[in-house]
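Reviewing the structure listed below.
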Amino acid sequence: MSETTAPAAERELGLEGVGCERRRKEDARFIQGKGNYVDDIKLAGTVFGDFVRSPCAHGRIKSIDAEKAKALPGVLAVLTAEDLKPLNLHWMPTLAGDVQAVLADGKVHFQNQEVAFVIAEDRYICADAIQLVEVDYEELPVIVDPKVAMAPDAPVIREDVEGKDTVGQGPRKHANHIFTWEVGDKAATDEAFAGADVTAREEITYQRVHPAPLETCGCVASMDAVSGQLTVYGTFQAPHVVRTVVSLIAGLPEHKIRIIAPDIGGGFGNKVGPYPGYVCAIVGTIVLGRPVKWVESRLDNISTTSFARDYHMTGEIAADRDGKIKALRVQVLADHGAFNTHAQPSKWPAGMFSIVTGSYDIPAAHVVVDGVYTNKAPGGVAYRCSFRVTEASYLIERMIDVLASKLKMDPAELRLKNFIQPSQFPYNSVLGWEYDSGDYPTALNKVMEAVDYRGLRKEQAEKRAKGELMGIGIATFTEIVGAGPSRNCDILGIGMFDSCEIRIHPTGTAIARFGTKSTGQGHETTYAQIIASEIGIPSDDITIEEGDTDTAPYGLGTYGSRSTPVAGAAAAQAARKIRAKAQKIAAHMLEVGEDDLEWEVDRFRVKGLPEKMATMKEIAMAAYGNVPAGMEHGLESVDYYDPPNFTFPFGAYICVVDVDRFTGEVAVRRFYALDDCGTRINPMIIEGQIHGGLTEALAIAMGQELLFDDIGNVLGASFLDYFMPTAVETPHWETDFTVTPSPHHPIGAKGVGESPNVGGVSALSNAVIDAFAHLGVTHMPMPHTPWRVWQKANELGIDR
Amino acid sequence: MIPANFDYHRPASVDEAVGLIEQYGDDGAILAGGHSLIPMMKLRFATPGHLIDLKALDELRGIEDTGADIRIGAMTTQAELRASAVAAEACPILAETVDVIADPQVRNMGTLGGNVANGDPGNDMPAVMMALGAIYVLRGPGGERETPANGFYKGIFDTERAANELLVAIRVPKPPAGHGYAYKKLKRKVGDYATAAAAVILALEGGACSHAAIALTNVGPTALNAGDAAKSLIGTSVDGEAQARAAELAMEICDPVSDMHGPVEYRRNMAGVMTYRAIAEALGRAKGG
Ligand SMILES: Cc1cc2nc3c(=O)[nH]c(=O)nc-3n(C[C@H](O)[C@H](O)[C@H](O)COP(=O)(O)OP(=O)(O)OC[C@H]3O[C@@H](n4cnc5c(N)ncnc54)[C@H](O)[C@@H]3O)c2cc1C
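Protein sequence lines correspond, in order, to chains A and B. Using our numbering, the first residue of the first sequence is number 1, and each one after it goes up by one. Using our numbering, the first residue of the second sequence is number 1, and each one after it goes up by one.
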């Protein structure tokens, strides 16, 4: 059968549209080593820049002597803060309203802070020259603990903002204090606690971690001295925002700046913020007139560019005797390091942390977050999560277990008792969110059945009787993603819309461009599927392009699981505009009224006369030759989509672990993850995202941590120590799903990339702690490394 | 992560190599597989002016059965050792140890000589060589000499080898036929150095332990010979009680540092657990299990 006569169902499958397990377009080049990453960009005449970094975590710079370095043959320049001052680029604004030193201005605030930027003919000379720059420091007392930072007589970390009553996010109450953010009804919460049958309290720290994408951050900046055109290739999750920021802080006209994000080897939030390396490379190319490349080493990446978390939380929960939750109270000390470079677009200093009531119908809640400075690298970012959602989710999922143990109730039962019910959607949470859709009981019941939860509890009881440790961890999380409605979110006043531009070629193939930027999510594959289903052009006939600000429509980039909720919606909307125009052209071609036509997969048919039809292919050609009078030629559209609300993906995870009480090793025996991300565009990509996110969750829960010693030395900032699991350490992941579409998204999709990190950490941590629950343990600090788990066993005397 | 400048030499004979080592003294470094030395150079913790690469010296390669011993050339890679039928037959603990060192890429490059000459307490082979009673064959300007693995290690990166000597081979006396063995290593992930590890060789005669050797990895400034622990097994049936006592004695000689693997107490205790488990496994093997 020809493509024009095949049955509709067959033609629909041929499109490889929404729901198809289409193979990833981008993998052909990645698995052949033919990706094009920043360090693969080789422009003629490129020179290399890298940093002299501070060995001490807090100190005054007494002198910088760069003469020996400058004298080394092949060294072109050594930039210090003094050199950047005339350009007013020695400090730069952060996305959180603070400022960050580009090159240390008289003082260093954390170990490995950027002190000078050396530019040389090649990276080898550059490395030698860095060692020749002599910097003299006067060391100052170091603060690595946020609690110590708030002590009355604590040394002042940020002298540059000393005496200022705000650093962009409201009043400060201490020289090392950044902001206080309060949400919820304190009085109602206090009252609920006062009258509650049962209350529980726990101190829960989410350790400092780093996203550690496999490709580190870097850029190549190239100024064309003749045209005045600046081109910057870089690891940018949000290329357009970078262009605007560069224009604003460097004072260059925006039309003379072109930002190109080539293939990016993972971002996980690490590549959202602007870094000193970008600024110095740009200054370098302007000064030298040659392209300047800067690429971080692993050590630089883990120890200086944005970390995540470092949230020190106190949770309190109140309930009645039979387990109905009455109120939640949360206090957070948020360690932001030396500068508040919290890279997040919401209007709130703690992002979406107020999603902390989770999947539960909690009538009263009160949250206070205090941000503080310490002598540690600045941040933080959302490590594969929507801004501070992981912290919030971890807090509530832990507190549910803490309450369950206090009530001597099964944690699954307690969850089922307190879930927001399907009939309550759209649900208004007490902390101000409107959850779009969800069905939590169905999800949890499905998972409990799949793993035989009752059977597992029985086995656990038997094991405990024999002195063996087995843990079962549950997480029933709700995310808030898809930043975001412009009333809630912006960057530098630019709304958090995103965009899609589609052009249909005369022969019926297409190109679509987006304001987002894949860092591995597979946009080239999934965006084409959305468009294919909307306008009946096969996915394979649609080229997807992102990352070049000269060609892509303005967008806010990829993070916070926003690509599908926002740019994916723009794709559907832009496609619908195409279809609307196509319908007019089809009516003209078939000499009928527009309303006489009906859409079928890839064509319009005349109602009642199904043999009369115009296919999208035919319409495309007509758009360039045979358009109705008064209509413009061409078949193109663009859509800027400002989402009416966030989306709220959710999931139910159960994790089963066996703990070796002699060594503290934890083996994940089973991990069952059910995710509901609304409409599923490509189930295979979803599964890949879940596998990757769960593996990161395993890394965080079981090993990742940036530790510091008393004098601020960062410990374990290489893959020797910083836990990056391989296939050997990764358990088998079982995945499952339910589908509860988002009612406000054009195709009902919610976004999925980050759910497994958010839910996975809680499930794993809950499982480890549950292994000790019968011994009276309610909490253990993450990460659950063998030595920490062993310490608990040792303390309980069960390690012999 | 870029080494400082150095000159590169590729001697064609052992004598030429020894001459170069003598000539450059402290400014020279012997390069074998490079998988300990080059990472140190990239961090500029090591900045030798001259690298003397042993790659071309085929005479330092290979595994030979010499009757009472097996003789392993210093430049034999860990992967070659793993694949050797001679080693597997006489001394299966070698292959068991290679399997928990780093990853296949490292094992394809890294040599046995480099692993034992390096002097890093994190290396796995020194403890195994101690448990096996191996002899190191060194060649200097004055000729060859032999020195036992037990006593070779003096401190972190400090060994009996003189700066102008080359390790040419390792002589491993064959353990008694039918011996039991085990190398138990606790690590955080594949490719990691040991939190603690224990090598055990033992033999039984008429149900009683007639020979025992125990050595520990990464719980002190060097690999440690747990001689008292081993002695405590002799004459016993190596029952649970004897295993636990030996593990206690092994723990007593540990002097680990606190690092990202865990605090001192943890690592000391893990040396005990690894010893206990290695003895149990070795016993099972000695009994033909
Ligand atoms: C990621 C990674 C993980 C690792 N994990 C482990 C592990 O778990 N366990 C483990 O044991 N090792 C581990 N290693 C180290 C690895 O086994 C090395 O290969 C080994 O330690 C050194 O052998 P080499 O041949 O590479 O020696 P090189 O690195 O070339 O040399 C090491 C040192 O020994 C000296 N030397 C080498 N040969 C001679 C000789 N013939 N005579 C005198 N001096 C000599 C050199 O001068 C140098 O000082 C790891 C390495 C890496 C990169």
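Note that CB positions come from ideal geometry on N, CA and C, so glycine has one too.
Which listed residue (the options) has its alpha carbon closest to that of residue i
| i | options | result |
| --- | --- | --- |
| Ala246 of chain B | B:Gly191, B:Ile170, B:Met274 and B:Tyr193 | B:Met274 |
| Ala404 of chain A | A:Pro725, A:His210 and A:Ala773 | A:Ala773 |
| Lys185 of chain B | B:Lys174, B:Met270, B:Leu57 and B:Tyr8 | B:Met270 |
| Ile214 of chain B | B:Ile93, B:Lys42 and B:Pro39 | B:Ile93 |
| Lys517 of chain A | A:Gly664, A:Leu698, A:Asp498 and A:His505 | A:Asp498 |
| Gln573 of chain A | A:Ala9, A:Pro378 and A:His744 | A:His744 |
| Ile143 of chain A | A:Gln460, A:Val287, A:Pro628 and A:Asn176 | A:Asn176 |
| Asp7 of chain B | B:Gly49, B:Glu89, B:Leu112 and B:Leu249 | B:Gly49 |
| Thr478 of chain A | A:Gly678, A:Gln460, A:Lys324 and A:His588 | A:Gly678 |
| Ile472 of chain A | A:Val714, A:Ala77 and A:Arg670 | A:Arg670 |
| Gly337 of chain A | A:His366, A:Ala308, A:Ala377 and A:Ser306 | A:Ala377 |
| Val190 of chain B | B:Ala32, B:Met41 and B:Pro104 | B:Pro104 |
| Thr549 of chain A | A:Thr244, A:Asn301 and A:Pro422 | A:Thr244 |
| Thr738 of chain A | A:Ile747, A:Asp675 and A:Leu775 | A:Asp675 |
| Ala194 of chain B | B:Asn218, B:Leu81 and B:Ile201 | B:Asn218 |
Near ligand 1: residue i beta-carbon under 8 Å from a heavy atom
| i | result |
| --- | --- |
| Lys184 of chain B | no |
| Glu165 of chain B | yes |
| Lys187 of chain B | yes |
| Ser36 of chain B | yes |
| Tyr193 of chain B | yes |
| Met125 of chain B | yes |
| Met109 of chain B | yes |
| Asp120 of chain B | yes |
| Met409 of chain A | no |
| Met270 of chain B | no |
| Ala10 of chain B | Ala is not the amino acid found at residue 10 of chain B; the sequence shown has Arg there. Incorrect: Arg10 of chain B has no Cβ contact closer than 8 Å to ligand 1. |
| Gly114 of chain B | yes |
| Pro39 of chain B | yes |
CB contact check: residue i to chain A, cutoff 9 Å
| i | result |
| --- | --- |
| Thr195 of chain B | yes |
| Val100 of chain B | no |
| Arg268 of chain B | no |
| Leu283 of chain B | no |
| Leu186 of chain B | yes |
| Glu265 of chain B | yes |
| Ile279 of chain B | no |
| Asp192 of chain B | yes |
| Val273 of chain B | yes |
| Arg44 of chain B | yes |
Cutoff 9 Å: residue i Cβ touching any chain B Cβ
| i | result |
| --- | --- |
| Trp733 of chain A | no |
| Asp721 of chain A | yes |
| Pro262 of chain A | no |
| Pro644 of chain A | no |
| Met724 of chain A | yes |
Exercise. If you measure beta-carbon to beta-carbon, which residues of the stretch 1–24 of chain B are closer than 9 Å to chain A?
Worked result: Residues of the stretch 1–24 of chain B whose Cβ lies closer than 9 Å to any Cβ of chain A, in chain order: Met1, Ile2, Pro3, Ala4 and Asn5.
For this session: Anything in the stretch 688–705 of chain A with a Cβ closer than 7 Å to a Cβ of chain B? List those residues in chain order, please.
Result: So the list reads Gly703, given in the order they occur along the chain.
Exercise. Listed from N- to C-terminal order along the chain, which residues in the stretch 291–325 of chain A have their beta-carbon within a distance smaller than 8 Å of any beta-carbon of chain B?
Worked result: Shown in chain order are the members of the stretch 291–325 of chain A whose Cβ falls below 8 Å from a Cβ of chain B: Ser297, Arg298 and Leu299.
For this session: Using a Cβ-Cβ cut-off of less than 8 Å, list which residues of the stretch 30–64 of chain A approach chain B; keep chain order.
Result: none
Problem set entry | Inter-stretch contact (C-beta, 8 Å, three-pair minimum) for the stretch 751–765 of chain A and the stretch 484–495 of chain A | no
Exercise. Mind listing which residues of the stretch 173–185 of chain B have their C-beta closer than 8 Å to chain A's C-betas, in chain order?
Worked result: none
Exercise. Are three or more beta carbon pairs between the stretch 165–180 of chain A and the stretch 272–287 of chain A nearer than 8 Å?
Worked result: Flag = no, the stretch 165–180 of chain A and the stretch 272–287 of chain A do not touch.
For this session: Please list the residues of the stretch 120–143 of chain A that have a C-beta atom closer than 9 Å to any C-beta atom in chain B, keeping them in chain order.
Result: Arg123, Tyr124, Cys126, Ala127, Asp128 and Gln131
Exercise. Below 8 Å, can you find three or more Cβ-Cβ pairs linking the stretch 369–384 of chain A to the stretch 406–419 of chain A?
Worked result: no
For this session: Quick one: which residues of the stretch 248–264 of chain B get their C-beta closer than 9 Å to a C-beta of chain A? List them in chain order.
Result: Listed by position along the chain: Asp259, Met260, His261, Gly262 and Pro263.
Exercise. If you pair each beta-carbon of the stretch 3–16 of chain A with each one of the stretch 27–41 of chain A, do three or more pairs fall below 8 Å?
Worked result: no
Exercise. Three or more beta-carbon pairs under 8 Å between the stretch 294–309 of chain A and the stretch 383–399 of chain A, yes or no?
Worked result: Output reads yes: the stretch 383–399 of chain A touches the stretch 294–309 of chain A.
Exercise. Is there contact between the stretch 199–215 of chain B and the stretch 100–120 of chain B, where contact requires at least three CB pairs shorter than 8 Å?
Worked result: Output reads no: the stretch 100–120 of chain B does not touch the stretch 199–215 of chain B.
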